[in-house]
């Protein structure tokens, strides 16, 4: 591999069936410049692996997400995730984000904490009553964030099996053709459009009704923007958290001394969640590309206007120039400014909600299942943008 990236290398590097961060990232970080990588679909891209470079690309307005519509963007699947907040730049991005942001403020989310705690503990008590073994994913990790986001958005929880399939397809890197990908997305859009019409006829005290009012009364977004916003909240509002709950447990089981310390002192839970967000490389590869809008130098490499740049957040979160003992899990780590929720204008909108869900999930596990352990082989998701167990048999 050359530092100038003249010979693109196949990407992504990580395997889907574990949470291991590929050793190739450390090799790349130690070299000068940026490498060029080639994904299964789309044009070649520059790959950023260092923490400082990642913050630059994610936070600098000279890198655009909206510009991707004019390019064959590098991606892992034939289908393309377009539309919604992640495909926008300011000021259009700010117009839509502002409509949703007030539902996810720290203050509002903290009001939800007692209900989230009760839901988490209730799910685990149901598990213990049924007896071991149980599937941590289907019985706990998935219904917790699904239950929360359904109540917040006003989506019937009984529809969970339907939108789980659509969500999996949206994040799939499998052999779905572009036509199949588009058909699945249109089904989800049609489903959401139907729910929106039901909410118009019968308004409720939920986020969907508030967004409908912003559309109908103040004309602050188009009908397609309204649909895509609700779709984005539904998918993003449960998928990553549902993956991270079993991911966190997998890592803690692999670090028994850290897990024991957490059991002894549950007050460490909030810091442990931040460290696990840093330590777990959730994505199989980097996220969606940013396009340079002018020539920019990054770590000695000249990135030309129109070039796509991929940010490997998992690798940036293990950069030894930013984090002491970066490859070590330390639940007492302080000043943990990880990039687990991104950075810049596209910093995860639901980060406050995800934090509370992860904290309460971990607290409930410590309180109700302190002796939780694997009771069989983990079945990992494959052909997905995010990594995590599809099923995880546990005993206690």
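In this note's numbering, the protein residues as written are 18 to 413.
For each residue, glycine too, the CB sits at the ideal point set by N, CA and C.
For residue 63, the uninterrupted beta strand (DSSP E) segment begins and ends at 62-65. Boundaries for residue 286: no beta strand (DSSP E) harbours it, while the alpha helix (DSSP H) harbouring it runs 286-296, taken from the DSSP string.
The beta-carbon distance between residue 363 and residue 103, rounded to whole angstroms, is 6 Å. This is short enough to meet the 8 Å contact definition. One Cα belongs to residue 373, the other to residue 133, and the distance between them is close to 8 Å. Here residue 244 really is in contact with residue 206; their C-beta atoms are around 5 Å apart, less than 8 Å. For residue 144, the secondary structure class from DSSP, reduced to helix, strand or coil, is helix. With fewer than 16 other Cβ atoms inside 10 Å of its own Cβ, residue 182 counts as exposed. Beyond the five residues adjoining it in sequence on each side, residue 106 comes within less than 7 Å, by CB distance, of 81, 82, 83 in the same chain, given in chain order. Put simply, of 286, 386, 402, 125 the residue whose alpha carbon is nearest the alpha carbon of residue 144 is 386.
With the rule of 3 Cβ pairs closer than 8 Å, the region 230-250 does not count as touching the region 262-270. The beta carbon of residue 116 sits closer than 7 Å to the beta carbons of 228, 231, 237, 238 from its chain, once the five residues preceding and following it are set aside; these are given in chain order. Collapsing the DSSP output to three states places residue 238 in coil. DSSP lists 412 as the beta-bridge partner residues of residue 390. Here residue 315 carries a strand assignment [DSSP, helix/strand/coil]. Residue environment for residue 86: exposed (fewer than 16 other C-beta atoms within 10 angstroms of its C-beta). In the DSSP assignment, residue 260 is bridged to no other residue. Of the residues 93, 250, 242, 167, the one whose Cα lies closest to the Cα of residue 198 is 93. Residue state for residue 326 is assigned as strand, using DSSP reduced to three classes. For residue 105, the secondary structure class from DSSP, reduced to helix, strand or coil, is coil. Residue 333 has its alpha-carbon roughly 29 Å from the corresponding atom of residue 382.
For residue 54, the enclosing beta strand (DSSP E) stretches over residues 53-55.
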